[in-house]
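Peer 1: Structure below; questions to follow.
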Amino acid sequence: MLGIINELAKVNPNFTLISNIHDRSKVHASVKHVSLDYTATAEEKRRIQFLLGLFGYRGLNGNSKILLDRLKEVFREVNKDSRFVFFEYLDNSIGYWLKMNSIISGYTNDVHGIARNEFAFQAKKANTVKASLMFRVKKAVSEKLDKKVFENADGIFYASEAMYQYFKDLYPVLAKKRNLFLPYVLNPQNVKSADPKTIKKFKDEFQITDGDFVFLFAGGYKETGGIQDLILAFERVATEHGNAKLLLVGDGPTYQHCREIADTLQHKNRIFFLGRQPYDYLTSFQEMAHALVCPDRQNLFSDLIVHVKYLDALVSGKLVINGSFKSVMEINRNKQLSLLFKPSDVGDLAAKMIEAIENYEDLSQEFADSKNYTLNHLTYKNYIRNLI
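Each residue of the sequence shown is one higher than the one before, starting from 1 at the first, in our numbering.
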């Protein structure tokens, strides 16, 4: 959101940001900021969405009167007929709620996630009938909410053409809206420099030498994240290449399971779990590595949305191995940015990792322009025309 707003502010200063942001230095000086001064808990956000989906705006009005009164007060500071863009999933709901209460005349939404798919996935993974039923109810309510939000929106921002096609098939009314495309791309302000002290610390800790070939994963551990596949693929790689090492940065729901998988492998001593680390360390970890791996399994979310970790990897200047998802191929049509593997295919992932080792110099030359291309083409500066 900040990447978009700051780029827009450089060409058009007439923007107002209504948010809870505390660090005003992150926002371009020309942007007028109105503090919402209301922080909803995660539980409250879930309740707002559930009530709005199940009962509609009137059902929520009485239940969340304090928030509604605060929103009325804040939005009095702006013209009711201004163009409003709402980011993030809860704010999508807020835009619909405000319009139905005649506080604003219209809204454009950014589609942030795919709630129905997330709940369907959780229902399938549930261990009890009660839990499965609960997630199925949530899925049904999220569909009702999406339908209300989409039908009443002026327009929608999609992260990819694939995302538009997905939602248009579910809600044909979207074909009549003002549909705009704004992929999740890079905010150059987030690109940090590597720290030599951090690099030395971890190289010493894991005894990484100039003769080693280091693979790096940095991200969240989740069922669709594919870290399990990466660990199994690395075992095949390590069998053929005694200098291969794997660094795993991050944590999440499947962290312990991944450790248990690694403990069963012959080459477990070359797999290093670093756990959660400060984001500022990312470029230092990247500098230690030869190839960065984004091992996500085949899933709907990845097909529709480019992951930030892929963009972070591309600007490292290192080799990148990523799944050939639909969203990725929209920004990588000529396969010029990274090595690609078939998602959920451990054998293909291992083959690409082996290829990275055995053809490192040639591949480094082939993808030498990936960093510059990403910085010059895959930033919000290049995509704000749609917003203007």
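For each residue, glycine too, the CB sits at the ideal point set by N, CA and C.
Since I305 and I4 should fall inside the 8 Å C-beta cutoff, what is the C-beta to C-beta distance between them, to a whole number of angstroms?
Peer 2: 15 Å between Cβ atoms; not a contact.
Peer 1: Please go through the segment 252-287 and give each complete beta strand (DSSP E) segment of 3 or more residues, from N-terminal end onward.
Peer 2: As far as the segment 252-287 is concerned, its whole beta strand (DSSP E) runs of at least 3 residues are 271-275.
Peer 1: Can you grab the Cα-Cα spacing for the pair R76 / E118, in whole Å?
Peer 2: 36 Å
Peer 1: How long is the line joining the alpha carbons of Q49 and I354, rounded to whole angstroms?
Peer 2: 46 Å
Peer 1: CA-CA distance, F330 and K147?
Peer 2: It should be pointed out that residue 330 corresponds to Glu in this sequence rather than to Phe. So the alpha carbons of these two residues sit roughly 27 Å apart.
Peer 1: From which residue to which residue does the beta strand (DSSP E) around S35 run?
Peer 2: K32 to S35
Peer 1: Is it true that the segment 105-114 meets the segment 134-141, where meeting means three or more beta-carbon pairs spaced less than 8 Å apart?
Peer 2: No, because fewer than three Cβ pairs between the segment 105-114 and the segment 134-141 fall closer than 8 Å, the two stretches do not touch.
Peer 1: Counting Cβ pairs, one atom from each stretch, are 3 or more of them under 8 Å apart for the segment 366-378 and the segment 317-325?
Peer 2: Touching, per the Cβ criterion.
Peer 1: Ends of the beta strand (DSSP E) at K245?
Peer 2: A244 to V249
Peer 1: Extract the residue ranges of the beta strand (DSSP E) inside the segment 165-244, only unbroken runs of 3 or more that lie entirely within it.
Peer 2: Runs of beta strand (DSSP E) with 3 or more residues, each lying fully within the segment 165-244, are found at 178-181 and 213-218, listed in chain order.
Peer 1: Let me know the secondary structure DSSP gives G3 once reduced to three states.
Peer 2: helix
Peer 1: Residues in the same chain with beta-carbon distance under 7 Å from L203, minus the five sequence neighbours each way, listed in chain order, please.
Peer 2: The identity of residue 203 in the sequence shown is Lys, whereas the question assumes Leu. Around K203, the same chain offers M288 as residues with beta carbons nearer than 7 Å, after the five sequence neighbours per side are excluded.
Peer 1: So what's N109 in DSSP terms, helix, strand or just coil?
Peer 2: strand
Peer 1: Output yes or no for whether 7 Å exceeds the beta carbon distance between F157 and F206.
Peer 2: Cβ atoms of F157 and F206: not closer than 7 Å.
Peer 1: Buried or exposed for T379, going by 16 or more other Cβ atoms inside 10 Å?
Peer 2: buried
Peer 1: Which residues does DSSP list as the beta-bridge partners of I156?
Peer 2: N109 and N179
Peer 1: Give me the residue from V27, N79, V141 and C258 with the minimum Cα distance to G225.
Peer 2: C258
Peer 1: Evaluate the contact criterion for the segment 172-181 versus the segment 333-346: three or more CB pairs, one atom per stretch, below 8 Å.
Peer 2: The segment 172-181 makes no contact with the segment 333-346: fewer than 3 CB pairs, one atom from each, lie closer than 8 Å.
Peer 1: Under a three-way DSSP split, which group does F341 fall into?
Peer 2: strand
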